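*Asks:*
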Amino acid sequence: MQTRQPTIVLLAMLFAAVGSSPTLLFAHSGAKGIVMERMAVMKSIGKSMKSMSRMARGKSPMDFATIETGAGAIARHGGQIPALFPKGSGRGVSEASPKIWDDPGGFKLSANGMVAAARTLESAANVKDAVAVKISFRALGRTCGGCHKQFRIKKKKK
């Protein structure tokens with residue numbers, strides 16, 4: 253029984269390293285390099301949004317610390333987004349639209365908008381303002397949706 257413990261610990265560490273989600277290990281099979289890296293970042297942002305969503309919509313009790321942590325993580329990741337889309341990295345399993353490279357200024361503006369919205373949400377959670385959290389969360393969601401609408405190719409479901 254003791255020989256299994258190191259294996260379990262290693263697996264737990266591996267899952268934690270890829271965003272606490274075993275699905276990340278298998279998501280977007282075929283993705284490599286920068287494409288895999290940005291998919292992991294986007295998956296992490298989505299996970300943070302999901303962790304805050306029920307609270308921001310009043311479906312579960314408000315946990316300001318969780319909101320603040322999630323918003324801070326999104327802001328940090330958002331600052332990385334433009335660098336995760338170097339020219340020529342839109343082929344293969346990528347869902348990146350060519351519009352990213354046709355309008356890099358607009359893409360960077362969208363990413364910066366997400367960072368600003370996440371920082372606003374983070375501040376609202378820091379001062380424990382539930383109304384501001386709900387408003388800021390919706391604004392953050394709109395920045396994500398706006399960017400996806402303009403700069404993401406929706407893959408057809410199999």
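In terms of this note's numbering, the sequence shown has 353 at position 101, counting the first letter as 1, and numbering is strictly consecutive.
C-beta: ideal position from N, C-alpha, C; glycine also.
Remember, predicted model here, so these are calculated numbers, not experimental data.
Tell me whether residue 343 sits in a helix, a strand or coil according to DSSP, three-state version.
*Replies:* Looking at residue 343 - three-state DSSP - the assignment turns out to be coil, as it is neither helix nor strand.
*Asks:* In the structure shown, what three-state DSSP assignment does residue 394 receive?
*Replies:* The answer is helix: DSSP assigns residue 394 an H, G or I state.
*Asks:* Answer with buried or exposed for residue 392, where buried requires no fewer than 16 other C-beta atoms within 10 angstroms of its C-beta.
*Replies:* Buried: at least 16 other Cβ atoms inside 10 Å.
*Asks:* Measuring CB to CB, does residue 363 end up less than 9 Å from residue 330?
*Replies:* Yes, the Cβ-Cβ distance between residue 363 and residue 330 is below 9 Å.
*Asks:* Taking the alpha helix (DSSP H) that residue 356 belongs to, which residues open and close that run?
*Replies:* 356–378 is the span of the alpha helix (DSSP H), which, as asked, contains residue 356.
*Asks:* Cβ of residue 404 within 9 Å of Cβ of residue 349?
*Replies:* Yes, the Cβ-Cβ distance between residue 404 and residue 349 is below 9 Å.
*Asks:* Is the beta carbon of residue 308 closer than 9 Å to that of residue 385?
*Replies:* Yes, the Cβ-Cβ distance between residue 385 and residue 308 is below 9 Å.
*Asks:* Could you tell me how far apart the beta carbons of residue 297 and residue 326 are, in whole angstroms, since I believe they sit closer than 8 Å?
*Replies:* Sure, about 5 Å apart at Cβ, within 8 Å.
*Asks:* Report the residue ranges of all beta strand (DSSP E) runs contained in full by the segment 296–345; include only those spanning at least 3 residues, in chain order.
*Replies:* The segment 296–345 contains no whole beta strand (DSSP E) run of 3 or more residues.
*Asks:* Going by beta carbon distance, what residues of the same chain come within less than 6 Å of residue 387, once the five residues before and after it are set aside?
*Replies:* Nothing meets the Cβ criterion.
*Asks:* Decide if residue 373 is buried, meaning its Cβ has at least 16 other Cβ atoms within 10 Å, or exposed.
*Replies:* Residue 373 comes out buried.
*Asks:* Take residue 407 and list the residues in its own chain whose beta-carbon comes closer than 7 Å to its own, dropping the five residues that flank it on each side.
*Replies:* Once the five neighbours on either side are set aside, the close Cβ partners of residue 407 are 347.
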